[in-house]
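Encoded as structure tokens, the structure appears first; notes follow it.
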Amino acid sequence: MTFSDKDYDEYIFQILLYENQEFKLVYGKKKDIHKNYNIDSLSLGVNVDPNFVDKQDIEYPTVFFLLKCRKLSQVVTSTWLTPSQIDQIEAKNNTRKNQIILTRQILDSYNIIPHATYWLHKQNESNDEYELRKVNDQDIHTRLEEEDNQFYCITPTHISYRSISLVLLLCGQAYYKENNAWTKICEPIFSTYETIWEYGLDISWDTYYSTRIDVSQAGKMPVPPFTSVVLGYPPKPNTFSLEDDKIEYWVNSNEYDSGENKYPFYPQKGTIEWEKKDLKYIVPPYPYIPLSCL
1 MTFSDKDYDE YIFQILLYEN QEFKLVYGKK KDIHKNYNID SLSLGVNVDP NFVDKQDIEY
61 PTVFFLLKCR KLSQVVTSTW LTPSQIDQIE AKNNTRKNQI ILTRQILDSY NIIPHATYWL
121 HKQNESNDEY ELRKVNDQDI HTRLEEEDNQ FYCITPTHIS YRSISLVLLL CGQAYYKENN
181 AWTKICEPIF STYETIWEYG LDISWDTYYS TRIDVSQAGK MPVPPFTSVV LGYPPKPNTF
241 SLEDDKIEYW VNSNEYDSGE NKYPFYPQKG TIEWEKKDLK YIVPPYPYIP LSCL
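Numbering-wise (the numbering used here), the sequence shown opens with residue 1 and increments by one.
Structure (structure tokens):
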């Protein structure tokens, strides 16, 4: 079974949409979200190159984990790019510029739940016409009580609800409108399942390191998530401590060892290192860049 199977169509999901200079939170069934916005609402997390490791290989869980750590570091660090560096990105890729700006906006206000919250309602079962109905937390709670299919939904009682914009950003369920089409603000790092069951996400503005701890639930029936992850999002260091070009090198490094890519994740294809699964850069080679170890 895969995430594309119709078995998931009746489940309730959320997406974060940026439109008309504001973020809004939209609840709805997976099939309705897909039809109305032409987007998916499920994420498998980061994509590990299947030519490097297969999902059945013993190395896969570690590679998957370490790639998430690297991606998180790059996402956070991208918000430190200077205006001139972002302008250079715009000249090459306007989508990338918008993604960085909106990522920064979400990280800066991660613990503020969007004021505009809606439920996507199908007007008529005989057609594909939908309407957005504005709801509050109590409306959501009441509506979800009527639904049995909220397995992938971050409810108002879930620990991650207070940082729901951050969660939806990092699992690829945050979008903005560009050229009349919805575009992901951030490619998925976490899977939707992880953000419900495994990780409760938070941010700390005074550390360069992420922390992960078990959530104590003594004396009651444990409920997900079972670990708490606090991501480091400190102020940008001055140029004496960390030069702007070093930030840019790390942010723009892709996974593959080719061309001018300074810090690849995978070794070069066809080499002994590739065969031995000898990964290259999981963390940046510079101090004062946020690290993530989930």
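Glycine residues also receive a C-beta, built at the ideal position from the N, C-alpha and C atoms. Since the structure is predicted, the reported quantities are computational estimates derived from the model, not experimental observations.
When we look at the beta-carbon of residue 92 and count the other beta-carbons within 10 Å, is it buried (16 or more) or exposed?
exposed
Between the beta-carbon of residue 203 and the beta-carbon of residue 250, is there less than 8 Å?
no
Go to residue 165, then tell me how far its alpha helix (DSSP H) extends in each direction, as first and last residue.
164-170
Reference residue 16; option with closest CA among 156, 164, 140:
164
Just verifying my parser: in three-state terms, what is the DSSP assignment at residue 260?
coil
Tell me, which residues are paired with residue 296 by DSSP?
Given a span of 1 to 294 for the chain in the structure shown, any question on residue 296 remains unanswerable.
With burial defined as no fewer than 16 other Cβ atoms inside 10 Å of the residue's Cβ, what is the status of residue 133: buried or exposed?
exposed
Could you work out which residue in 175, 169, 220 is closest to residue 195 when comparing CA atoms only?
Taking only the C-alpha atoms, the option nearest residue 195 is 169.
Is the Cβ-Cβ distance between residue 76 and residue 233 less than 8 Å?
Yes, they are a contact pair.
Which residue marks the beginning of the beta strand (DSSP E) containing residue 35, and which one marks its end?
Here residue 35 belongs to no beta strand (DSSP E); instead the alpha helix (DSSP H) covers 30-37.
Helix, strand or coil for residue 121, going by three-state DSSP, please let me know.
Collapsing the DSSP output to three states places residue 121 in a strand.
Is the beta carbon of residue 66 sitting closer than 8 Å to the one on residue 201?
No; because the gap between Cβ atoms is not below 8 Å, this pair is not in contact.
Is it the case that the Cβ atoms of residue 183 and residue 95 are separated by a distance below 8 Å?
Result yes, Cβ atoms of residue 183 and residue 95 sit closer than 8 Å.
Is residue 223 buried or exposed, if buried means 16 or more other CB atoms sit within 10 Å of its CB?
exposed
In chain order, what are the residue ranges of uninterrupted beta strand (DSSP E) at least 3 long that sit wholly in the region 87-159?
116-122, 130-134
Could you check where the beta strand (DSSP E) with residue 183 kicks off and where it finishes?
First-last of the beta strand (DSSP E) with residue 183: 181-184.
On the three-pair Cβ rule with 8 Å, is the region 112-125 touching the region 31-42?
Verdict: yes, contact present.
Of the choices 46, 56, 52, 71, whose alpha-carbon is the least far from that of residue 281?
71
Taking residue 25 as the reference, give the member of 274, 161, 269 with the closest Cα.
161
With 16 as the cutoff for other CB atoms within 10 Å, does residue 40 come out buried or exposed?
buried
Within 8 Å, strictly: CB atoms of residue 173 and residue 14
The Cβ atoms of residue 173 and residue 14 sit closer than 8 Å to each other.
Other residues of its chain near residue 68: CB distance less than 8 Å, five sequence neighbours each side excluded:
45, 46, 189, 190, 292, 294
Residues in its own chain within less than 6 Å of residue 80 by CB, not counting five upstream and five downstream?
236, 247.
Do you know offhand how far residue 11's Cα is from residue 43's?
14 Å
Where does residue 306 land, buried or exposed, given buried means 16+ other C-beta within 10 angstroms?
Past the edges of the chain, shown from 1 to 294, lies residue 306, and the structure says nothing about it.
N-terminal and C-terminal residue of the alpha helix (DSSP H) that residue 199 is part of:
No alpha helix (DSSP H) holds residue 199; the beta strand (DSSP E) holding it covers 199-204.
Under DSSP, the alpha helix (DSSP H) around residue 71 begins and ends at which residues?
60-78
Count the other CB atoms within 10 Å of the CB of residue 21; is the residue buried (16 or more) or exposed (fewer)?
exposed
Excluding the five sequence neighbours on either side, which residues of its own chain have a C-beta within less than 8 Å of the C-beta of residue 89, listed in chain order?
81, 96, 97, 100
Return the Cβ separation of residue 266 and residue 49 in integer angstroms, given the expectation that the two are a contact with Cβ distance under 8 Å.
Going by Cβ atoms, the distance from residue 266 to residue 49 rounds to 6 Å, so yes, they are a contact pair.
What do you get for residue 209, buried or exposed, if any count of 16 or more other CB atoms within 10 angstroms of its CB means buried?
The Cβ neighbour count for residue 209, taken over all protein chains shown within 10 Å, is under 16; the residue is labelled exposed.
Let me confirm a value: residue 146 is counted as buried when at least 16 other C-beta atoms fall within 10 Å, else exposed. Which label applies?
The residue is exposed, with fewer than 16 neighbouring Cβ atoms inside 10 Å.
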